[in-house]
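Novice: Sharing a structure here in structure tokens format.
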Amino acid sequence: MKTKQFLLILIFCLSLGLVNCWPSSPPPSVTDPTTTQPITIWWTRGFYPAEDEALSRVVRQWERQINHPVELTFYDDDENLQRVLNALDEGNPPDIAYNRRTEFAVNPRVAWEGKVPDLSDVIQPVENLYTESAVKSAYLPNKTTGERSYYAVPLQQQTVHLHYWRDLLEEAGFTPEDIPENWDKFWAFWQQAQDNLRAKGYEDIYGVGLTVSPVSNDTFYEFEHFLEAYDVSLLDSEGNPRVNDPPLRESLVRLIDWIVGFYRQGYIHPDAVNWGVPDNNIAFLNRQLLMVFNPTLSIPGSQQTDPEVAQNIVTHPLPNEPDGEPAKTLISVKQVLTFTESPHPEAAKDFLRFLSTPENLSLYLQDSGGRYFPVMKPLLEEPFWSESTNPHIAVAAEQFKEVRPLEYITSPPYSQIFAENLWGKALRRVTVDRVSATVAVEETLARIEEIFAEWGDS
Numbered sequence: 076m077k078t079k080q081f082l083l084i085l086i087f088c089l090s091l092g093l094v095n096c097w098p099s100s101p102p103p104s105v106t107d108p109t110t111t112q113p114i115t116i117w118w119t120r121g122f123y124p125a126e127d128e129a130l131s132r133v134v135r136q137w138e139r140q141i142n143h144p145v146e147l148t149f150y151d152d153d154e155n156l157q158r159v160l161n162a163l164d165e166g167n168p169p170d171i172a173y174n175r176r177t178e179f180a181v182n183p184r185v186a187w188e189g190k191v192p193d194l195s196d197v198i199q200p201v202e203n204l205y206t207e208s209a210v211k212s213a214y215l216p217n218k219t220t221g222e223r224s225y226y227a228v229p230l231q232q233q234t235v236h237l238h239y240w241r242d243l244l245e246e247a248g249f250t251p252e253d254i255p256e257n258w259d260k261f262w263a264f265w266q267q268a269q270d271n272l273r274a275k276g277y278e279d280i281y282g283v284g285l286t287v288s289p290v291s292n293d294t295f296y297e298f299e300h301f302l303e304a305y306d307v308s309l310l311d312s313e314g315n316p317r318v319n320d321p322p323l324r325e326s327l328v329r330l331i332d333w334i335v336g337f338y339r340q341g342y343i344h345p346d347a348v349n350w351g352v353p354d355n356n357i358a359f360l361n362r363q364l365l366m367v368f369n370p371t372l373s374i375p376g377s378q379q380t381d382p383e384v385a386q387n388i389v390t391h392p393l394p395n396e397p398d399g400e401p402a403k404t405l406i407s408v409k410q411v412l413t414f415t416e417s418p419h420p421e422a423a424k425d426f427l428r429f430l431s432t433p434e435n436l437s438l439y440l441q442d443s444g445g446r447y448f449p450v451m452k453p454l455l456e457e458p459f460w461s462e463s464t465n466p467h468i469a470v471a472a473e474q475f476k477e478v479r480p481l482e483y484i485t486s487p488p489y490s491q492i493f494a495e496n497l498w499g500k501a502l503r504r505v506t507v508d509r510v511s512a513t514v515a516v517e518e519t520l521a522r523i524e525e526i527f528a529e530w531g532d533s
């Protein structure tokens, strides 16, 4: 078993660490000597090689079509984001950039500042194919023009999924049918399952697989879902933050205390306060977590080549909300960008048009193994998604039938809350620094007030 676990983790870690930068073909002869410079594409490396291979195939097809060299480079998530931000500061950005955090850490701000071109001529021809949330995610305000327009190309969407180990649940004395739909009973169930496993000698197992770290995006996704579950809205009907609203403060304090309670009682992994993006995946695949929340299908997707393991991982519907209503699906929309100072502006737009055709988006998403879901309505109806025999995709497909965008999609300043991971910082203040939830909430709301003031009338 230990050898099997080691191989699982080794495969997952290697997929994160692979350098996949394919060389471009020799530059063809061109009529304009200023265009001999390769077109540059910076992309965040996938969680497994199939993602990178899928994008590479699309780029190679486009390279052959335009008969011009393309330099596609994959970077780790953090390095890629920092390179993009540095390049923008220095005035030498790539032609195309994709990062898993672009839609909240880069695009709302650079659209506001006029550092990305208007992409209406790319989006409008296929606008009716996109979901409503996808369209909203790219339709952003520009303080120079005083108007909104399209400043990104939606690529794919994600939401939070629940996974558990089938055999460990059975070892704990339960069946899948025993998992409650009721909110409070659901969380108590995983605590009891951990207790049962610990009694059987599983000393290093944790029943509640939540991330409480300020350096992982997972914390933000999870916290926002909990806000939705408890009907807590940070914004009023006009989109202004309710920072001076006592009921909001009380709700945030209760929510933070509720999450921290699992951690202090030993039901959340002790390292979860320091986890980066892949660490909850690794802890789960290392069988240190019985159950885990994850904002993509990367966990079962990473085990596609091992059917035995893939079948032992179960993707399960989220519990009903505390008021008994079915769980709502909050979605994040991943985006691809070009920039006003990119060296090949027209070629960049041509690539975005090529990528955003239904055929190419379908190719990319399916070849990526279904980790993310489509943002085009016709693609969501394809059998791969709507009639999937893959049990993980089938459960996720039900989640994506009724969705609501995360607040940052409709409120650009909210994106800064995400970019700074304020919910993760608040949780760390309570779990590590041992301040009260009240103090952490006061600090967080003060920073949120500053952020909205900095953005002004957006």
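Using the numbering used here, read the sequence shown as starting at 76 and increasing by one per residue.
We put the beta carbon where it would ideally sit given N, CA and C, even for glycine.
All figures in this text were calculated on a predicted structure; none of them were measured in a lab.
In terms of alpha-carbon separation, which member of Arg135, Thr234, Ala247 and Val159 lies closest to Leu372?
Specialist: Against the sequence shown, residue 372 aligns to sequence position 297. Considering only alpha carbons, the answer is Thr234.
Novice: Measuring CB atoms only, is the region 401–413 touching the region 266–276, in the sense that at least three cross pairs come out at less than 8 Å?
Specialist: The answer is no - the region 266–276 does not touch the region 401–413, with fewer than three Cβ pairs under 8 Å.
Novice: Could you spell out where the beta strand (DSSP E) holding Lys534 opens and where it closes?
Specialist: Here the chain comprises residues numbered 76 to 533, so residue 534 is not present and cannot be evaluated.
Novice: Mark Ser212 as exposed unless 16 or more other C-beta atoms lie within 10 angstroms of its C-beta, in which case mark it buried.
Specialist: Taking the first residue of the sequence shown as 1, we reach residue 212 at position 137. Burial call: buried.
Novice: Based on DSSP bridge pairs, tell me the residues matched to Val389.
Specialist: Counting from one through the sequence shown, the residue named residue 389 turns up at place 314. BP columns for Val389 point to Tyr239.
Novice: So does the region 275–289 actually touch the region 416–436, counting three or more Cβ pairs closer than 8 Å?
Specialist: Judged by Cβ distances under 8 Å, the region 275–289 makes no contact with the region 416–436, as fewer than three pairs qualify.
Novice: Using the Cβ count rule (16 or more neighbours within 10 Å means buried), how would you classify Asn142?
Specialist: The residue labelled residue 142 in the question sits at position 67 within the sequence shown. So Asn142 ends up on the exposed side.
Novice: Sort Ser377, Ala469, Glu517 and Ser490 by Cα distance to Phe122 and report the nearest one.
Specialist: By 1-based counting over the sequence shown, the position of residue 122 is 47. Of Ser377, Ala469, Glu517 and Ser490, the residue nearest in Cα terms is Ser377.
Novice: Report the partner residues of Tyr150 according to the DSSP bridge assignment.
Specialist: To locate residue 150, count along the sequence shown from 1; it is residue 75. Looking at the DSSP assignment, Tyr150 forms a beta bridge with Thr119.
Novice: Candidates Gly531, Pro169 and Ala471: which alpha carbon is nearest Ser71's?
Specialist: Here the chain comprises residues numbered 76 to 533, so residue 71 is not present and cannot be evaluated.
Novice: Where Ala515 and Arg184 are concerned, what is the direct C-alpha to C-alpha distance, given to the nearest angstrom?
Specialist: Against the sequence shown, residue 515 aligns to sequence position 440. Against the sequence shown, residue 184 aligns to sequence position 109. Straight-line Cα distance between these residues: approximately 26 Å.
Novice: Would you call the region 383–397 in contact with the region 200–208, where contact means no fewer than 3 C-beta pairs closer than 8 Å?
Specialist: Short answer: they don't touch.
Novice: Are Glu303 and Lys403 touching if we call contact CB-CB under 8 Å?
Specialist: Looking up residue 303 in the sequence shown gives position 228. Looking up residue 403 in the sequence shown gives position 328. Yes; because the gap between Cβ atoms is below 8 Å, this pair is in contact.
Novice: On the DSSP letters alone, give me the boundaries of the beta strand (DSSP E) that Gly224 sits inside.
Specialist: The residue given as residue 224 occupies position 149 in the sequence shown. What sits at residue 224 in the sequence shown is Ser, not Gly. Glu222 to Tyr225 is the span of the beta strand (DSSP E), which, as asked, contains Ser224.
Novice: Closer than 8 Å is the cut-off here; do at least three beta carbon pairs connect the region 485–505 with the region 175–192?
Specialist: Yes: at least three Cβ pairs fall under 8 Å.
Novice: Apart from the five residues on each side of it in sequence, which residues of its chain come closer than 8 Å, Cβ to Cβ, to Leu427?
Specialist: The count along the sequence shown starts at 1 and reaches residue 427 at position 352. If we look at Leu427 and ignore the five residues flanking it on each side, its Cβ neighbours are Ile171, Leu194, Val197, Val228, Val411 and Thr413.
Novice: According to DSSP, simplified to helix, strand and coil, what is Ala310?
Specialist: On the sequence shown, position 235 is the one that residue 310 refers to. It is Leu, not Ala, that sits at residue 310 in the sequence shown. Reduced to three states, the DSSP call for Leu310 is strand.
Novice: Buried or exposed: which applies to Ala521, given that a residue is buried once 16 or more other Cβ atoms fall within 10 Å of its Cβ?
Specialist: For the purposes of this step, residue 521 is taken as the residue at position 446 of the sequence shown. Result: exposed.
Novice: Quick one: Cα of Arg176 to Cα of Asn496, how far?
Specialist: The sequence position of residue 176 within the sequence shown is 101, counting from 1. The sequence position of residue 496 within the sequence shown is 421, counting from 1. Going from the Cα of Arg176 to the Cα of Asn496 covers about 11 Å.
Novice: Kindly indicate the opening and closing residues of the beta strand (DSSP E) around Leu230.
Specialist: Taking the sequence shown and counting its residues from 1, one reaches residue 230 at position 155. Start and end: Val228 to Gln233.
Novice: Does the region 109–119 come close enough to the region 147–161 that 3 or more CB-CB pairs lie under 8 Å?
Specialist: The answer is yes - the region 109–119 touches the region 147–161, with three or more Cβ pairs under 8 Å.
Novice: Which ranges would you report for the alpha helix (DSSP H) in the region 426–490 if only whole runs of at least 4 residues count?
Specialist: Segments of the alpha helix (DSSP H) lying fully in the region 426–490: 433–442, 452–455, 458–461, 466–474 and 482–485.
Novice: Once you ignore the five residues that flank Ala209 on each side, which residues in its own chain have a CB closer than 6 Å to its CB?
Specialist: Here residue 209 refers to the residue found at position 134 when the sequence shown is read from its first residue. Hits under 6 Å: Pro229, Val408 and Val450.
Novice: Glu396 and Trp262: beta carbons closer than 8 Å?
Specialist: Taking the first residue of the sequence shown as position 1, residue 396 is located at position 321. Taking the first residue of the sequence shown as position 1, residue 262 is located at position 187. No. Outside cutoff.
Novice: Comparing alpha-carbon positions, which option in Leu365, Tyr483 and Leu327 lies nearest His344?
Specialist: What you label residue 344 is simply residue 269 of the sequence shown in a count that begins at 1. The shortest C-alpha separation from His344 is found at Leu365.
Novice: Rounded to whole angstroms, what's the CA-CA distance from Glu128 to Leu454? Just pull it up for me.
Specialist: In the sequence shown, residue 128 corresponds to position 53, counting from 1. In the sequence shown, residue 454 corresponds to position 379, counting from 1. Near 20 Å, if we compare the C-alpha coordinates of Leu454 and Glu128.
Novice: If you pair each beta-carbon of the region 296–312 with each one of the region 237–253, do three or more pairs fall below 8 Å?
Specialist: Contact fails: fewer than three Cβ-Cβ distances are below 8 Å.
Novice: With which residues is Ala172 paired in a DSSP beta bridge?
Specialist: Position 97 of the sequence shown, counted from the first residue, corresponds to residue 172. According to DSSP, Ala172 bridges with Trp117 and Leu412.
Novice: Quick one: grab the DSSP three-state call for Ile526.
Specialist: Your numbering for residue 526 matches position 451 in the sequence shown. DSSP places Ile526 in helix when its eight states are reduced to three.
Novice: Which of the three DSSP states, helix, strand or coil, is assigned to Phe179?
Specialist: As a first step, residue 179 must be located in the sequence shown, where it is residue number 104. The answer is helix: DSSP assigns Phe179 an H, G or I state.
Novice: Taking Ala125 as the reference, give the member of Gly166, Val159, Gly445 and Pro433 with the closest Cα.
Specialist: For the purposes of this step, residue 125 is taken as the residue at position 50 of the sequence shown. Of Gly166, Val159, Gly445 and Pro433, the residue nearest in Cα terms is Gly445.
Novice: Whose CA, out of Thr220, Val505 and Leu330, lies closest to the CA of Trp187?
Specialist: Along the sequence shown, one-based indexing puts residue 187 at 112. The candidate whose alpha carbon is nearest that of Trp187 is Thr220.
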